[in-house]
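>
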Amino acid sequence: MNMGNEGVGTMATDALSEPCRYWIGVVSATHVKRGVAGGFAQLCHGKSAPLRRMRQNDWLIYYSPRTEMAQGEALQAFTAIGQVADDSVYEFQMSESFVPFRRNIHYRPSREVKIADLLDQLSFTRGNRNWGYSFRFGHFEIGGEDFQIIARAMLEDAGLSI
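Using this note's numbering, you'd call the opening residue of the sequence shown number 1482 and step up by one each time.
(1) Hey, residue 1541 and residue 1563: beta-carbon distance below 8 Å or not?
(2) So if DSSP puts residue 1637 in a beta bridge, which residue, or which two residues, is it bridged to?
(3) Across which residues does DSSP place residue 1585 in a beta bridge pair?
(4) Between residue 1602 and residue 1576, what straight-line distance do the alpha-carbon atoms span, to the nearest angstrom?
(5) Determine the closest residue to residue 1592 out of 1500, 1561, 1529, with distance taken between C-alpha atoms.
(6) Under the three-state reduction of DSSP, which class applies to residue 1629: helix, strand or coil?
(7) Count the other CB atoms within 10 Å of the CB of residue 1545; is the residue buried (16 or more) or exposed (fewer)?
(8) Are residue 1523 and residue 1567 touching if we call contact CB-CB under 8 Å?
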């Protein structure tokens, strides 16, 4: 897993010049931390479909509504950002009865950003009292402008430039 600063300075240029897409994944903060530590993404309780929608060089931003999956404290923050490393979606046996799908992600060092700070800036939340509805699907695509707003908040405020 690449957690260094390589390429962070050119992220905006790379992200916009490549034919890539931008995604939000909804996952508890503790599960995000496991993914970042292991260099992988796992979405929608291990389903393959959301992972297969993404392609190499696409960007994934994790949004964590809670700290833990069921009983955690409310968090409502963007908690990790990374780029899809390859086109491989694979199964990973976590237990005898749970074999979720994963894909490799190159995460960037970043800081947590509360969505409340960005609600008026993002096209999918601005002026929408029910802004959380999109997040109920667990994985959805966002536009490049929204990606840049979130990425700047997560990276520049963490002392990194884009």
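Think of the CB as a built atom: it goes at the ideal place given N, C-alpha and C, for glycine as much as any other residue.
Given the structure is predicted, the values throughout are model-derived calculations rather than measurements.
Considering the structure as presented:
(1) yes
(2) According to DSSP, residue 1637 bridges with nothing at all.
(3) 1521
(4) 41 Å
(5) 1561
(6) helix
(7) buried
(8) no
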